[in-house]
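Undergrad: For the protein sequence lines, the chains are A and B, in the order given.
Under the numbering used here, think of the first position of the first sequence as 1, with each following residue one higher.
Under the numbering used here, think of the first position of the second sequence as 80, with each following residue one higher.
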Amino acid sequence: MNNKEKYINAFVETFGVSAEEVEKLEYSQIEEWDSVGHMSLVAALEDVFGIMMDADDIIDFSSYEKGLEILEEKYQIKM
Amino acid sequence: MAFADFLEVSPYILGKEQKQRMLLNRFQELTEIHRKNCEEYSKILTAWNILDSFSSIYEVPFLPVRLFKELELKSIKDEEIFKTMTSSGTTGQAVSKIYLDRATSVNQQKALVKIVSAFTGKGRLPMLIIDSPSVVKDRAMFSARGAGILGFSILASDRKYALDENMQLDLDRVKEFLEKHKGKRFLLFGFTFMIWQYFYKELRKIPKCIDLSGGILIHGGGWKKLTNEAVEPQEFKGCLKEVCGLEDIHDYYGMVEQTGAIYMQCECGHLHASIFSDVIVRNMKDFSTCSVGEPGVIQVLSTIPESYPGHSILTEDEGILLGEDDCPCGRKGKYFKVLGRIKNAEVRGCSDTYE
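So, in structure tokens, the structure goes:
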């Protein structure tokens, strides 16, 4: 899996959505992505990329798109 | 002055004059926002004959906290509501309803992170939650306790619950957590009366079975239904140290009506107002400002609320202002002590929903 696939997979595994649905997802848009789901998603991403995110980045992580941007810019993960 | 400006300042660094200037500017702005966008708030200010501009934060009008139970106070349109927070809903008690939009919710979390990090250091730490995982299980209906745990979870890297579904201490799980994070600093979080009842009292039976000397405990919520068992802060700390070596202990004062802007207790045992908030102690008869050392009712001011008019609230708690800018711990800002509920105030707490 390349990084983008790993990223998408974290959403699929955490929220039980299909890979096609992932790209438009926003926080609290689906039932599964609530504050509990959010922390699970963060844990999954930290695991797969071997990073530790700053609390502020977790708060700013408001959508699939925003997450990509944060991981690329702040954690140098090329997508 | 935008809220973002407050995030740029270290939470306990500004002296009285600078802080008051920033706060006055922000509270002026918040009062205008809510007067414009919340009809009930606007009516109240008109009825109270409140002017449009203040010369100090002491002139900012304050709403009694119970108004949030009686009225649906919001300064946003219904479709902008991102989350509704409620205070504890024990049977028969009225519940505060606090309406958040995305911006206010984000700012609550950012303020909390800034405040707590000023005590625990930057970076997330493993966290042992002194509660049961069942408290966050029903995701559609969190208690205030669940919401508190989730709020602090952002500061945690690894999270484990110390109690099982039946509120029994799960010593094996605690030991496993300690083994995994051996030699590292870690956080413990919980509600005061729960820690006492379900953690301390169990550990007392088998003293020194675990070593928590590397931990930082943050607890809040007070004693609630255990008022008759309440011990003084110093005794609370002494007891925990004795049974598990825990020394770094911080109580905090906060409420659902002003989530995020909590008041952390320093090493000297004083509660501190951060850059995000302020406290004013008022005389219970005429609401004049109390001087240092004089008990009165606590008014809390928070720079966060934009989606509901809760930036200045008169609580039902009694407290004493202990000083400003001169706490021996070195933190600037006001520091104070909470004495408890005002007599005859409706009995209520933010984490007392466990029967």
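Yeah, the Cβ is synthetic: ideal placement off N, Cα and C, and Gly gets one too.
Predicted model only: the values in this text are computed from it and were never measured.
#1: What span of residues does the beta strand (DSSP E) with Val335(B) cover, start to end?
#2: I'd like the list of long-range same chain contacts for Val22(A), defined as Cβ closer than 7 Å, with 5 residues on each side in sequence excluded.
#3: Touch check for the stretch 379–391 of chain B and the stretch 54–74 of chain A: three-plus C-beta pairs under 8 Å?
#4: Hey, quick one: how far does the beta strand (DSSP E) through Leu420(B) stretch, first residue to last?
#5: So, at 6 Å on beta carbons, what are the nonlocal neighbours of Pro212(B) in its own chain, with the 5 sequence-adjacent residues on each side left out?
#6: Which partner residues does Met206(B) have in the DSSP bridge list?
#7: DSSP state of Gly168(B), grouped into three classes?
#8: What is the residue span of the beta strand (DSSP E) that Met39(A) lies within?
#9: Of the residues Asp243(B), Gly375(B) and Ala226(B), which one's Cα is nearest the Cα of Lys422(B)?
#10: Hey, is Ser28(A)'s beta-carbon within less than 8 Å of any beta-carbon in chain B?
#11: Taking the straight line between their C-alpha atoms, what separation do you get for Thr432(B) and Ala223(B)?
#12: Can you give me the Cβ contacts of Ala173(B) inside the same chain, cut-off strictly under 8 Å, excluding the 5 residues immediately before and after it?
#13: Listed in chain order, which residues of the stretch 53–70 of chain A have Cβ atoms closer than 9 Å to some Cβ of chain B?
#14: Buried or exposed: which applies to Asp357(B), given that a residue is buried once 16 or more other Cβ atoms fall within 10 Å of its Cβ?
#15: Quick check on Ser35(A) - is its C-beta less than 8 Å from some C-beta in chain B?
#16: Report buried or exposed for Trp127(B), applying the criterion of at least 16 other Cβ atoms within 10 angstroms of its Cβ.
#17: Hey, is Ile285(B)'s beta-carbon within less than 8 Å of any beta-carbon in chain A?
#18: Phe161(B) CB to nearest chain A CB: under 8 Å?
#19: Given this structure, state the Cα-to-Cα distance separating Asp57(A) from Lys364(B), to the nearest angstrom.
#20: Which chain A residues sit within Cβ distance under 7 Å of Val185(B)?
#21: Could you name the residues of the stretch 223–242 of chain B whose beta carbon sits closer than 7 Å to any beta carbon of chain A, in the order they occur along the chain?
#22: Quick check on this structure: which residue in Ser292(B), Met101(B), Gly293(B) and Ala309(B) has the alpha carbon closest to the alpha carbon of Gly300(B)?
#23: If we define contact as Cβ-Cβ less than 8 Å, is Gln188(B) a contact residue for chain A?
#24: Looking at the secondary structure, which residues open and close the alpha helix (DSSP H) in which Tyr120(B) lies?
#25: Just to confirm my understanding: we take Leu401(B), look at its own chain, exclude 5 residues before and 5 after, and list those with CB closer than 7 Å. What are they?
#26: Run through chain B and tell me which residues come within less than 9 Å of Glu39(A), C-beta to C-beta.
#27: Taking only runs that begin and end inside the stretch 270–317 of chain B, name each unbroken beta strand (DSSP E) of 3 or more residues, in chain order.
#28: To the nearest angstrom, report how far apart Met273(B) and Phe265(B) are at their CA atoms.
#29: Under the rule that 16 or more other beta-carbon atoms within 10 Å means buried, what is Leu34(B), buried or exposed?
#30: So with Cβ pairs under 8 Å, would you call Arg264(B) a contact of chain A?
#31: Taking a contact to mean a Cβ-Cβ separation below 8 Å, would you say Val335(B) touches Lys287(B) in this structure?
#32: So Arg203(B) contacts chain A; which residues on that side make the cut at Cβ distance below 7 Å?
#33: Report all residues from its chain with a CB closer than 6 Å to the CB of Gly168(B); omit the five preceding and five following residues, and keep chain order.
#34: By Cβ distance, which residues of its chain are closer than 8 Å to Met206(B), with the 5 residues on each side in sequence left out?
#35: Would Asp210(B) and Ile228(B) be called neighbours here (beta carbons separated by less than 8 Å)?
TA: From the atom records:
#1: Run containing Val335(B): none; DSSP gives neither H nor E here.
#2: Ile8, Phe11, Val12 and Tyr64
#3: no
#4: One point to set straight first is that residue 420(B) is Arg, not Leu, in the sequence displayed. That run of the beta strand (DSSP E) goes Lys413 to Arg420.
#5: Tyr240
#6: Arg238(B) and Leu266(B)
#7: Only weak support is given to the placement of Gly168(B): the predicted model assigns it a pLDDT of 49, under 50, and the value that follows is read from those uncertain coordinates. If DSSP states are grouped into helix, strand and coil, Gly168(B) belongs with coil.
#8: Met39(A) -> not in any beta strand (DSSP E); alpha helix (DSSP H) instead, spanning Ser35 to Phe49.
#9: Gly375(B)
#10: yes
#11: Bear in mind that a pLDDT of 44 at Thr432(B), under 50, signals an unreliable position, so the model cannot answer this.
#12: Arg145, Lys148, Glu149 and Glu425
#13: Met53, Asp54, Ala55, Asp56, Ile58, Ile59, Asp60 and Ser62
#14: buried
#15: yes
#16: exposed
#17: no
#18: yes
#19: 46 Å
#20: Ile59
#21: Leu229, Ser232, Ile233, Leu234 and Ser236
#22: Ala309(B)
#23: yes
#24: Glu118 to Ala126
#25: His349, Val371, Tyr414, Phe415 and Lys416
#26: Correcting the residue type first, residue 39(A) is Met in the shown sequence and not Glu. Within chain B, the residues near Met39(A) are Leu229, Ser232, Ile233, Ala235 and Arg238.
#27: 294–299
#28: 19 Å
#29: The requested residue 34(B) is not part of the displayed model; chain B covers only 80 to 434.
#30: no
#31: no
#32: Met52 and Ala55
#33: For Gly168(B), the pLDDT reaches just 49, beneath the cut-off of 50, and the residue's location in the model is therefore unreliable, although a value from the coordinates is still provided. Around Gly168(B): Val174.
#34: Phe231, Ser232, Leu234, Ala235, Ser236, Asp237, Arg238, Lys239, Phe265, Leu266, Leu267 and Phe268
#35: yes
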